[in-house]
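For the sequence shown, the residue numbers in the numbering used here are 57 to 426.
Where is the CB? At the ideal position from N, CA and C, for every residue including glycine.
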Amino acid sequence: MEVEDAITTTIFDVGVAAIAQRSSEVRVREMGFKQQRMEEETTTKVITSTTILPSRNEEKEKEKQEDLCENRGRIVYPKAARQVAGNSHKHARAARVDACGHFYKPTDDTRKGMTELQFYENWQAMEHERVPEFSPFLATFVSRTVLYESRDAAKPMPFLKLRDVTADMKQANVVDIKIGERTWHPSHDAAYREKRHRGDLETTSCSIGFRVCGMLTYEEESNTERYWNRKWAKALNLETTTTGLDVFFGQNSERITNVLRKLKDIRQSLEMNPFPVFFLGSSILLCYDSSDLHSDVRVVIVDFCNAVKNKSREVDRNFLDGLISLTNLIERIRDRVRVRMDPTSLSTSSSGLSTAGTFNPNTPSPSSSK
Ligand SMILES: Nc1ncnc2c1ncn2[C@@H]1O[C@H](COP(=O)(O)OP(=O)(O)O)[C@@H](O)[C@H]1O
Ligand SMILES: [Mg+2]
């Protein structure tokens with residue numbers, strides 16, 4: 057109840073009609089689901105008289121779990137410990153996670169917050185039917201919701217509730233790679249363009265079409281998680297990016313091959329069925345669980361705060377060329393891993409080893425980028 061009251065409070069606080077409408081839609085949707093679930097449960101109980109009813113303890117446990125998931129108890133959720141990059145590192149507002157596998161990204165009613173919300177709503181309402189093959193490459197969007205950020209907070213703050221892509225991982229390894237030689241668009245305001253352009257020049261974005269923004273690796277020997285922070289990421293060049301990703305993949309060529317396959321699928325989908333937005337400043341998040349050697353690698357695209365309308369659905373060259381460049385680099389890492397594992401493969405390998413130092417990101421500049 058309190059969360060629902062809180063949603064209403066936030067609506068009045070922000071005073072933006074569009075948000076009010078969206079939030080109440082979300083609320084209605086969530087309530088609709090709840091009601092549907094209750095009806096389903098009731099029906100099941102009536103028609104299946106032989107059903108073994110849950111014990112009182114089980115019911116209590118279920119209620120407790122539901123309270124947790126819907127935050128009826130004004131719980132302050134823990135900060136997202138596996139977050140590897142992003143603005144909430146800089147600002148006071150941290151991303152949060154709950155015990156039910158959700159990731160809460162701080163949002164607001166600015167251009168950025170609204171753009172990302174619109175992207176996910178549009179995906180949910182229409183795009184997912186048009187390009188169903190793209191579903192595995194986006195984190196599931198649940199709703200825009202509100203959370204208390206501390207126990208004494210006067211009011212709850214808005215968050216995007218997504219599935220946490222690392223939730224079921226015992227030993228998570230995560231890397232955030234911002235795609236595109238350009239993270240701004242001519243339609244962004246001048247101050248923003250200037251700031252992002254400087255950022256692109258100072259990192260590998262301009263030179264190779266992507267940049268690593270942060271990384272988390274699980275170190276077997278010491279049994280600890282290691283964070284490769286923003287400072288480390290900002291200083292990366294082509295060579296250290298290669299070494300960094302090599303460390304990330306942990307010498308596992310099967311893992312790398314999986315990632316390459318998924319990157320190829322993303323590329324094909326974006327080439328065939330462009331989105332009605334250009335992705336600017338979006339990242340590819342690679343995650344896997346190193347406690348299981350054969351676990352799948354998740355490849356998802358995150359961060360749609362700076363997406364820009366692409367009404368005519370042009371192919372997003374800036375994003376795709378960055379993606380191709382990343383694919384080239386990962387192929388080279390895979391070839392190196394293979395050679396390390398089996399030096400005799402050197403003679404037969406068509407690896408990019410011989411081209412080391414002449415890395416070809418294959419990223420012609422789009423005319424609008426300069
Ligand atoms: N659905 C998700 N599941 C798990 N972690 C996520 C998810 N979305 C984002 N993250 C984590 O949060 C970080 C920042 O996310 P991002 O959307 O890029 O935020 P920002 O707009 O602050 O850059 C990512 O690098 C990743 O570590
Ligand atoms: Mg980001």
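Taking all protein chains shown into account, do 16 or more other C-beta atoms lie within 10 angstroms of the C-beta of residue i, making it buried, or fewer, making it exposed?
i    : result
T280 : exposed
A141 : buried
S347 : exposed
S243 : exposed
E276 : exposed
Q324 : exposed
N314 : buried
S381 : buried
K116 : exposed
V183 : With the sequence shown as reference, residue 183 is identified as Glu, and Val is not the correct amino acid for it. Buried: at least 16 other Cβ atoms inside 10 Å.
P399 : exposed
C156 : exposed
R130 : exposed
R373 : buried
K234 : buried
A210 : exposed
T166 : exposed
R282 : exposed
Looking only at its chain, what residues have a beta carbon closer than 6 Å to the beta carbon of residue i, apart from the 5 residues adjacent to it on each side?
i    : result
E172 : F360 and C361
I322 : F193
I103 : The predicted position of I103 is uncertain, since its pLDDT is 32 and thus under 50; a value taken from the coordinates is nonetheless stated next. Here the set comprises nothing.
P212 : A62, V202, L203 and Y204
What span of residues does the beta strand (DSSP E) with residue i cover, start to end?
i    : result
M182 : It is not in any beta strand (DSSP E) - M182 carries neither H nor E in the DSSP assignment.
E281 : T280 to W284
H158 : H158 to P162
S199 : F197 to L203
L341 : S339 to D345
For the alpha helix (DSSP H) that contains residue i, what are its first and last residues?
i    : result
N229 : Careful: N229 lies outside any alpha helix (DSSP H), inside the beta strand (DSSP E) at A228 to I235.
R373 : R373 to M397
C262 : S261 to I264
F215 : It is not in any alpha helix (DSSP H) - F215 instead sits in the beta strand (DSSP E) that spans M213 to R219.
V355 : Run containing V355: none in the alpha helix (DSSP H); it sits in the beta strand (DSSP E), R354 to V358.
S325 : S309 to M328
F304 : L294 to F305
E258 : A246 to E258
Using a Cβ-Cβ cutoff of less than 7 Å, which residues in the same chain neighbour residue i once the five nearest sequence positions on both sides are dropped?
i    : result
S111 : none
D345 : M225, K226, Q227, A228 and S351
Y133 : R152, V153, D154, Y160 and L203
Have a look at the options and flag the residue whose alpha-carbon is nearest the alpha-carbon of residue i.
i    : options                   : result
S338 : N143, S206, E295 and K211 : N143
R427 : Q139, D398, F375 and I389 : Any property of residue 427 remains undetermined from this structure, which presents the chain solely from 57 to 426.
R254 : K290, A209, V356 and K211 : K290
V198 : P188, W179 and E185       : W179
L341 : N308, R207, L379 and S368 : L379
V355 : A150, W288, K211 and I312 : I312
M271 : I264, W284, G265 and T222 : W284
T296 : R267, Y274, S191 and D165 : R267
V333 : V371, D256 and V353       : V371
A195 : F175, D220 and Q174       : D220
R388 : L294, T163 and K251       : L294
For residue i, collect the residues of the same chain with a Cβ closer than 8 Å to its Cβ; drop the 5 residues on either side in sequence, then sort them by chain order.
i    : result
S309 : R390, V393, R394 and M397
Determine, using beta-carbon pairs with one atom in the segment 246-265 and one in the segment 210-229, whether at least three such pairs fall under 8 Å.
-> no
Validate contact between the segment 188-205 and the segment 224-235 using beta carbons, cut 8 Å, 3 pairs = no
List in chain order the residues whose CB is within less than 6 Å of at least one heavy atom of ligand 3.
-> In the structure shown, ligand 3 is absent; the only ligands present are ligand 1 and ligand 2.
Would you call the segment 298-308 and the segment 327-337 touching, i.e. three or more CB-CB distances under 8 Å?
-> no
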